[in-house]
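Worksheet: the structure to be examined is printed underneath.
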Amino acid sequence: MKRILVTGGAGFIGSHLCERLLNEGNEIICLDNFFTGSKDNIRHLLHNDHFELVRHDITKEYYAEVDQIYNLACPASPPHYQYNAIKTIKTSVLGAMYMLGLAKRCNATILQASTSEVYGDPKVHPQKEDYWGNVNPIGIRSCYDEGKRCAETLMMDYHRQNAVDTRIVRIFNTYGPNMAMNDGRVVSNFIIQALQGKDITIYGDGSQTRSFCYVSDLVDGMIRMMNNQEHFIGPVNLGNPSERTILEFAELIIKLTNSNSKIVYKPLPMDDPVRRKPDISLAKEKLGWTPVVDIEAGLSKTIEYFDRKIRENC
Ligand code: NAD
Ligand code: UDP
122 MKRILVTGGA GFIGSHLCER LLNEGNEIIC LDNFFTGSKD NIRHLLHNDH FELVRHDITK
182 EYYAEVDQIY NLACPASPPH YQYNAIKTIK TSVLGAMYML GLAKRCNATI LQASTSEVYG
242 DPKVHPQKED YWGNVNPIGI RSCYDEGKRC AETLMMDYHR QNAVDTRIVR IFNTYGPNMA
302 MNDGRVVSNF IIQALQGKDI TIYGDGSQTR SFCYVSDLVD GMIRMMNNQE HFIGPVNLGN
362 PSERTILEFA ELIIKLTNSN SKIVYKPLPM DDPVRRKPDI SLAKEKLGWT PVVDIEAGLS
422 KTIEYFDRKI RENC
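This note's numbering numbers the first residue of the sequence shown as 122 and each following residue consecutively.
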């Protein structure tokens, strides 16, 4: 049994990760400030003696004896991370520093949840790990993109300078149950709009692309990365390479929900990446990882979840 700290553990991905690690026989400390996460996501784990919930903000120091740290704490949806941009960059940078300090003291392995946003609006397609990206350092997404890039730098410097056992995963658009109703990202927005018969809001003309990965696949990749025996530190892309336009995605959601919703077009936010698709050959080679959940199966589970949430809120 390992003692594992999951920061951002009450969030969307963190809650799935906590549940899986707990089911595998580990002891979990779930740390969260509940900015975008919710107790509802982990309520079913609270009765378990091997699960501990800590309300804490990772922009402040935290101490515990742990074997592994998954550092996920950070708002991930553009409206949430732009709500308090300065706090977002502090969370990524100070949070990474404190968690790396903790990993160094405890001799723990630390995995950083990085993002495809480190590639910015990519000029290389699909994106490979050796691409350095095309990021605007002064735009409205910079607090998130540059914060995550700096967190990667800190991970590499603690590894080189202090021999901390680090791992970096670059997560591409992931979806599934436990996303917040007010998350604001495309998957939750479109599903909620479709289920409520409201207009589906496409930003721009819908020709921009994304590649969507179901959360159980992602969590599997993260755990493989943390535990890989070769001490492969990454960065490694984790995502589903099946790419589609946002317009195609809206049409798929309308079909799967049998919705009468109409598509409407809204202005495209600044610096919205035009194309995004992971090259996952490195994850395949080093981790033997490949996503297995197809989009219709994953979306059906996500639609069921939001349908239940909407009924509960009525
Ligand atoms: P989320 O917003 O659901 O989860 C983030 C969690 O971090 C929340 O529970 C929130 O309350 C917590 N948090 C935020 N600031 C904190 C702070 N200062 N101290 C303590 N806790 C704090 O988002 P998510 O989609 O689950 O994302 C989890 C991680 O994965 C994030 O680091 C995100 O950048 C990364 N990521 C996610 C995606 C995706 O598609 N979901 C893609 C790329 C990267
Ligand atoms: N998007 C959209 N309508 C929405 C929400 C998002 O058309 O209601 C678009 C957004 O402009 C982007 C894509 O969907 O091009 C993915 O957005 P999301 O916020 O989910 O994640 P991103 O990959 O941009 O961080």
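Backbone N, C-alpha and C define an ideal beta-carbon position, used for all residues, glycine too.
- The beta carbon of Asn162 lies closer than 6 Å to those of Ala131, Ser136, Asn299 in the same chain, with the five residues before and after it left out.
- By the beta-carbon neighbour count (other beta carbons within 10 angstroms, threshold 16), Asn303 is exposed.
- In summary, Met276 is buried, with 16 or more beta-carbon neighbours lying within 10 Å of its beta-carbon over all protein chains present.
- Out of Ala315, Ile231, Ile384, His201, the CA that lies nearest to the CA of Leu368 is found in Ile384.
- The shortest C-alpha to C-alpha distance from Thr295 to any of Phe133, Lys181, Asp393, Tyr386 is the one to Phe133.
- Beta-bridge partners of Gln317 (DSSP): none assigned.
- Annotated three-state conformation of Arg306 is coil, per DSSP.
- Taken from the Cβ of Asn205, every heavy atom of the ligand UDP lies 7 Å or farther away.
- Non-local C-beta neighbours of Ile323 in its own chain, meaning closer than 8 Å and more than five positions away in sequence, comprise Ile367, Leu368, Ala371, Ile384, Val385, Tyr386, Lys387, ordered along the chain.
- Val290 is not a Cβ neighbour of Leu221, given a cutoff of 8 Å.
- With the rule of 3 Cβ pairs closer than 8 Å, the stretch 225-242 counts as touching the stretch 261-271.
- The shortest C-alpha to C-alpha distance from Asn144 to any of Lys160, Gly158, Phe172, Thr128 is the one to Phe172.
- Per the DSSP secondary-structure output, Phe172 pairs in a beta bridge with Ile149.
- A residue is called buried when at least 16 other Cβ atoms come within 10 angstroms of its Cβ; Glu273 meets this threshold and is buried.
- As summarised for the stretch 161-246, the continuous alpha helix (DSSP H) elements at least 4 residues long and confined to that stretch are 199-204, 206-227, given in chain order.
- In the DSSP assignment, Ile134 falls within the unbroken alpha helix (DSSP H) covering 133-144.
- Under the three-state reduction of DSSP, Glu364 is assigned to strand.
- One thing to note: Lys407 has its Cβ no nearer than 8 Å to the Cβ of Asn358.
- With a cut-off of 8 Å on Cβ pairs, the stretch 244-255 is not in contact with the stretch 183-196, counting fewer than three such pairs.
- Rounded to whole angstroms, Ala217 and Glu186 show a C-alpha spacing of 17 Å.
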